[in-house]
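S.K.: Before I ask anything, here is the structure I am working with.
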Amino acid sequence: MRAILAQRWGALVLFGVAAVIPIFVRDAYFLDTLVLILLWGALSAAWNIACGYAGQVCIGHAAFFGIGAYSTALMGVRFQQSPWVGMLVGALLSLAAGAAIGYLSNRLKGPYFALSTIAFSQVLLIVASRWRAFTAGSEGLPVPFRPGFATLGLGDVAWAYLILVVALLYWGIQVWLEHSRFGYRLAGVREDEDAAQALGIPSRRLKVIAVTASAALTSVCGTLWAQKVGFVDPFYVFSVDLSVRFALNAIIGGIGTALGPFLGSILITSLETYLRATLSGVKSGFTGIYLIVYGIVLILVVRFVPEGLAGLSARLRARWTRAQA
Amino acid sequence: MDSARRLGHAQIDVFAQLGVSTVLLGGIYALIAVGLTLIFGIMRVVNFAHGEFLMLGMYLAYWAFALLSLDPWFVLFVSIPLFFGIGLVTYMLVMKGVIHASHNVQIFTTVGLSTALQNLALVLWSGDFHTVRPWHALTPVRVAGTAFNLSQVVAFVIAVTLTVLLFAFMRWTHTGRVMRATAQDRDAAILMGIDTDRVYRITFALGIAAVGAAGVLVSPLYAVYPTAGLQFVLLSYVVVVLGGLGDMVGALIGSLIVAAVEVAGSYFFGTAWKEIFYFVLFIAVLVFRPAGLFGQRGAENLGV
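Which chain is which? The protein sequence lines are A and B, in order. If you read the first sequence in our numbering, its first letter stands for residue 1, the second for the next number, and so on. If you read the second sequence in our numbering, its first letter stands for residue 1001, the second for the next number, and so on.
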């Protein structure tokens, strides 16, 4: 345990700082950014389980995010249930959907699987934006705000700590994957599925479990996001851009590493917040500018630094220790 | 439409209209999909940015029309060499470095390109919807109880002509043969002295030129906006998977099937739900026949 923590000093620093900030900072805008960094990081961590650890390229994870967001909004608006019920319903639906997608991953490889995940999120987008009677259609759905923990109507500081707990949990799941029998077998499947199967690893079942878990974890964050933001827009929650964003954080930070998604999120989310603050007055099209940067960064990172920031730091450290010796 | 349904005589017209719609739409979808399937068949890369090049073609037609009052049919002569050039540059800058990389790297490279291009359009030209209304978009053509506007009919004719030209190029020219050889066996092609880098360059440029031309052709028929490519590209994935990725004839048949599903779906269930049918079809084909409707099992790993 101690050895594991010693290797993880980066995460300890990151989450430690995140835990201390709300004690001293009361600025709503700053706390908001903190929450978003942790939430996008947790979402990318959830994506990382399916893609980074299990090697299944999903670009439709917005589907599960949207399921979580819509579940809480619809449970609140249509059935007067608490957000926790919505979260549970969303997670169960995502478990089912994730199992179906996971099953697909056993039949489809690479680009085919990626296409099927996009198609799945598009089907949900069409349903959410056209089924006016139930989902309110393309206008979107406001999420009812009721103060109190039981109804997830929280203050800024409470949000920061709640999301910090979620982020720590997701990070912990990834660390577990790196040190458990399950995780080792999953890595085996990712690196060489035929070889893994030859060794008696039930590769199909492992992939389904990884994708299903990733789906449910994504859905939970979708619920939290909807409660925090207070509005669900089908064209945002089911968008391809959102799916790309989950991937982008993890890829920039280091795909298949526990801390990577959070490092990527710090970089991308602060870049976005900074550009939004500086460019908001300039032009309505500001959203486009950081997304152009996203796209270019994604192309450059997968080509030149495929191991991401986390891998880059490991490479530099290895070089440094070699120089010392 | 109700009065038409009641009259037995006019009902034939409705079905004639639906049938001709299917063919017209299918021809245009084929031109979009054929570029995608060409790039996949030869380079083994699914171009997730394909729709964005279509969108750029639509914007080219829009600006030529808005600023210079140029007819989209005329713009076509400019667009084909222009998009061929854009394809070459994109290949050199973006695709060349990842052509031998893993699927995952290629997927994220083209996804990144898609995001960047889409938002470049958003920043440069805003998210507003634009329309291109040349005279032929308002000219009806009536044949045998069906009515279409002239833009649609001519777009179909040009799209089919370009697709046939591309087929002929692949089949009968030396370069086309070299491209097919590379698709069949990259290593053997290299041993035969084929410059595969040149093949990939030309393939990508041809695919982009085809989809750019399609963008110009559809500009009088659909609204022009930064994410306009998305609906078409999703549809062309369906087409291409139906026909078998990399199979050009399959892409033609796939286009007709998707067009038929779309036309029939819009007629019987309303336009709002039409996409759901081909996505469901898409997922069903992926699950049950990933090599396409006509492909052999395992053909998803082979060439054109």
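Idealized CB from N, CA, C, for every residue including glycine. These numbers come from a predicted model, not from an experiment.
Ignore the nearest five residues each way along the sequence and tell me which others in valine 1075 of chain B's own chain have a CB closer than 7 angstroms to its CB.
M.R.: Translated into positions along the second sequence, residue 1075 of chain B becomes position 75. If we look at valine 1075 of chain B and ignore the five residues flanking it on each side, its Cβ neighbours are Leu1060, Ala1061, Ala1064, Val1216.
S.K.: Strictly by DSSP, which residues pair up with phenylalanine 231 of chain A?
M.R.: For this step, residue 231 of chain A is matched to residue 231 along the first sequence. Answer is A:Pro142.
S.K.: Would you tell me roughly how many angstroms separate the C-alpha atoms of glycine 1207 of chain B and tyrosine 1091 of chain B, rounded to the nearest one?
M.R.: Translated into positions along the second sequence, residue 1207 of chain B becomes position 207. Translated into positions along the second sequence, residue 1091 of chain B becomes position 91. So the two alpha carbons sit approximately 11 angstroms from each other.
S.K.: Tell me the rounded alpha-carbon separation between glycine 1087 of chain B and leucine 88 of chain A.
M.R.: Position 87 of the second sequence holds residue 1087 of chain B. Position 88 of the first sequence holds residue 88 of chain A. Near 48 angstroms, if we compare the C-alpha coordinates of leucine 88 of chain A and glycine 1087 of chain B.
S.K.: Smallest Cα separation from leucine 162 of chain A: which of A:Pro306, A:Ser239, A:Leu31, A:Ala133?
M.R.: Walking along the first sequence from the start, residue 162 of chain A turns up at place 162. The shortest C-alpha separation from leucine 162 of chain A is found at A:Leu31.
S.K.: Rounded to whole angstroms, what is the Cα-Cα separation between leucine 1165 of chain B and asparagine 106 of chain A?
M.R.: Within the second sequence, the letter at position 165 stands for residue 1165 of chain B. Within the first sequence, the letter at position 106 stands for residue 106 of chain A. Cα to Cα, the separation comes out at about 39 angstroms.
S.K.: With DSSP as the reference, label glycine 200 of chain A as helix, strand or coil.
M.R.: The residue given as residue 200 of chain A occupies position 200 in the first sequence. If DSSP states are grouped into helix, strand and coil, glycine 200 of chain A belongs with coil.
S.K.: Counting contacts by CB-CB distance shorter than 8 angstroms, is leucine 1007 of chain B in contact with chain A?
M.R.: One-based indexing of the second sequence puts residue 1007 of chain B at position 7. Residue placement at leucine 1007 of chain B is poorly supported in this model, since its pLDDT is 44, which falls under 50; the coordinates still yield a value, given next. No, because no Cβ of chain A sits closer than 8 angstroms to the Cβ of leucine 1007 of chain B.
S.K.: Report yes or no: is there a C-beta of chain B within less than 8 angstroms of the C-beta of valine 305 of chain A?
M.R.: Residue 305 of chain A sits at position 305 when you count from the first residue of the first sequence. So no, valine 305 of chain A is outside the interface.
S.K.: Quick check on this structure: which residue in A:Leu217, A:Ile252, A:Gly148, A:Phe238 has the alpha carbon closest to the alpha carbon of leucine 92 of chain A?
M.R.: In the first sequence, residue 92 of chain A corresponds to position 92, counting from 1. Ranking the options by Cα distance to leucine 92 of chain A, first place goes to A:Leu217.
S.K.: Suppose you measure from the CA of leucine 38 of chain A to the CA of alanine 187 of chain A; what does that come to, to the nearest Å?
M.R.: Position 38 of the first sequence holds residue 38 of chain A. Position 187 of the first sequence holds residue 187 of chain A. So the alpha carbons of these two residues sit roughly 26 angstroms apart.
S.K.: What does a CB cutoff of less than 8 angstroms around arginine 8 of chain A pick up in its chain, not counting 5 residues either side in sequence?
M.R.: Here the question's residue 8 of chain A lines up with position 8 in the first sequence. Around arginine 8 of chain A: Val175, Ala258, Leu259.
S.K.: Please state the DSSP three-state secondary structure of histidine 1130 of chain B.
M.R.: As a first step, residue 1130 of chain B is located in the second sequence; it is residue number 130 there, counting from the start. Strand at histidine 1130 of chain B.
S.K.: Can you give the Cα-Cα distance for threonine 212 of chain A and alanine 46 of chain A, rounded to whole angstroms?
M.R.: Stepping through the first sequence from its first residue, residue 212 of chain A is reached at position 212. Stepping through the first sequence from its first residue, residue 46 of chain A is reached at position 46. Distance between the alpha carbons of threonine 212 of chain A and alanine 46 of chain A is about 10 angstroms.
S.K.: Do we get a CB-CB distance below 8 angstroms when we pair alanine 1010 of chain B with the residues of chain A?
M.R.: As a position in the second sequence, residue 1010 of chain B is number 10, starting the count at 1. Any answer about alanine 1010 of chain B is weak, because its pLDDT of 47 lies below 50 and its placement is not dependable; what the coordinates show is given next. Alanine 1010 of chain B does not count as touching chain A.
S.K.: Quick check: is the beta carbon of tyrosine 1237 of chain B nearer than 8 angstroms to any beta carbon in chain A?
M.R.: Position 237 of the second sequence holds residue 1237 of chain B. Yes, because at least one Cβ of chain A sits closer than 8 angstroms to the Cβ of tyrosine 1237 of chain B.
S.K.: Taking any Cβ of chain B, which residues in the segment 85 to 119 of chain A have a Cβ under 9 angstroms from it, in chain order?
M.R.: Of all residues in the segment 85 to 119 of chain A, Tyr103, Leu104, Arg107, Leu108, Lys109, Gly110, Pro111, Tyr112, Phe113, Ala114, Leu115, Ser116, Ile118, Ala119 have a Cβ within less than 9 angstroms of some Cβ in chain B.
S.K.: Measuring only the C-alpha atoms, how far is threonine 223 of chain A from phenylalanine 1083 of chain B?
M.R.: Walking along the first sequence from the start, residue 223 of chain A turns up at place 223. Walking along the second sequence from the start, residue 1083 of chain B turns up at place 83. Whole-angstrom Cα-Cα distance: 43 angstroms.
S.K.: Threshold first: 4 residues or longer. Then list the alpha helix (DSSP H) segments lying entirely within the segment 50 to 87 of chain A, N to C.
M.R.: DSSP runs (the alpha helix (DSSP H)) wholly in the segment 50 to 87 of chain A: 62 to 79.
S.K.: Could you list which residues in chain A have their beta carbon closer than 9 angstroms to that of isoleucine 1283 of chain B, in chain order?
M.R.: Walking along the second sequence from the start, residue 1283 of chain B turns up at place 283. Residues of chain A passing the Cβ test: Leu104, Ser116, Ala119, Phe120, Val123.
S.K.: Whose C-alpha, out of B:Val1153, B:Ala1188, B:Leu1191, B:Ile1202, is nearest the C-alpha of threonine 1175 of chain B?
M.R.: Against the second sequence, residue 1175 of chain B aligns to sequence position 175. Selected option, being the one with the closest Cα: B:Ile1202.
S.K.: Does any residue of chain B bring its CB to less than 8 angstroms from the CB of alanine 213 of chain A?
M.R.: Start at 1 with the first residue of the first sequence, and residue 213 of chain A comes out as number 213. It does not; no Cβ of chain B falls within 8 angstroms.
S.K.: So, using beta-carbon positions, are asparagine 1104 of chain B and glycine 295 of chain A closer together than 8 angstroms?
M.R.: Stepping through the second sequence from its first residue, residue 1104 of chain B is reached at position 104. Stepping through the first sequence from its first residue, residue 295 of chain A is reached at position 295. Not closer than 8 angstroms, so no.
S.K.: Of the choices B:Pro1220, B:Gly1270, B:Leu1281, whose alpha-carbon is the least far from that of tryptophan 1135 of chain B?
M.R.: Against the second sequence, residue 1135 of chain B aligns to sequence position 135. For the residues B:Pro1220, B:Gly1270, B:Leu1281, the minimum Cα distance to tryptophan 1135 of chain B belongs to B:Pro1220.
S.K.: Is it true that the CB of alanine 250 of chain A sits closer than 8 angstroms to the CB of serine 44 of chain A?
M.R.: Here residue 44 of chain A refers to the residue found at position 44 of the first sequence. Here residue 250 of chain A refers to the residue found at position 250 of the first sequence. The answer is yes: Cβ separation under 8 angstroms.
S.K.: Would you kindly work out how many angstroms separate the C-alpha atoms of isoleucine 1028 of chain B and glycine 1127 of chain B, rounded to a whole number?
M.R.: As a position in the second sequence, residue 1028 of chain B is number 28, starting the count at 1. As a position in the second sequence, residue 1127 of chain B is number 127, starting the count at 1. Going by the C-alpha atoms only, they are around 25 angstroms apart.
S.K.: Starting from the beta carbon of tyrosine 294 of chain A, find every residue of chain B whose beta carbon is closer than 9 angstroms, and list them in chain order.
M.R.: The count along the first sequence starts at 1 and reaches residue 294 of chain A at position 294. Within 9 angstroms Cβ-Cβ: Gly1112, Thr1115, Ala1116, Asn1119.
S.K.: Beta carbons nearer than 8 angstroms to chain B: which residues of the segment 126 to 146 of chain A have them?
M.R.: Residues passing the 8 angstroms Cβ filter: Ile126, Val127, Arg130.
S.K.: Listed in chain order, which residues of the segment 186 to 204 of chain A have Cβ atoms closer than 7 angstroms to some Cβ of chain B?
M.R.: Under the 7 angstroms Cβ criterion, the segment 186 to 204 of chain A contributes no residue.
S.K.: Can you tell me which of the three DSSP states asparagine 1047 of chain B falls into?
M.R.: What you label residue 1047 of chain B is simply residue 47 of the second sequence in a count that begins at 1. Note: asparagine 1047 of chain B maps to coil in three-state DSSP.
S.K.: What residue from B:Val1034, B:Ile1039, B:Pro1140 has the CA that sits closest to leucine 1256 of chain B's CA?
M.R.: If you number the second sequence from 1, residue 1256 of chain B lands on position 256. The shortest Cα separation from leucine 1256 of chain B among B:Val1034, B:Ile1039, B:Pro1140 belongs to B:Val1034.
S.K.: Give the DSSP-derived three-state secondary structure of threonine 1173 of chain B in the structure shown.
M.R.: Walking along the second sequence from the start, residue 1173 of chain B turns up at place 173. Reduced to three states, the DSSP call for threonine 1173 of chain B is coil.
S.K.: Could you tell me how far apart the beta carbons of isoleucine 67 of chain A and glycine 90 of chain A are, in whole angstroms, since I believe they sit closer than 8 angstroms?
M.R.: Looking up residue 67 of chain A in the first sequence gives position 67. Looking up residue 90 of chain A in the first sequence gives position 90. Indeed they touch by this definition, with Cβ atoms about 5 angstroms apart.
S.K.: Quick one: Cα of isoleucine 266 of chain A to Cα of glycine 311 of chain A, how far?
M.R.: For this step, residue 266 of chain A is matched to residue 266 along the first sequence. For this step, residue 311 of chain A is matched to residue 311 along the first sequence. Straight-line Cα distance between these residues: approximately 16 angstroms.
S.K.: Less than 8 angstroms between the C-beta atoms of alanine 63 of chain A and leucine 104 of chain A, yes or no?
M.R.: If you number the first sequence from 1, residue 63 of chain A lands on position 63. If you number the first sequence from 1, residue 104 of chain A lands on position 104. For alanine 63 of chain A and leucine 104 of chain A, no; Cβs fall outside 8 angstroms.
S.K.: Counting only Cβ pairs nearer than 7 angstroms, list the residues of chain B close to aspartate 233 of chain A.
M.R.: Against the first sequence, residue 233 of chain A aligns to sequence position 233. Those within 7 angstroms of aspartate 233 of chain A in chain B number zero; the least Cβ separation is about 14 angstroms.
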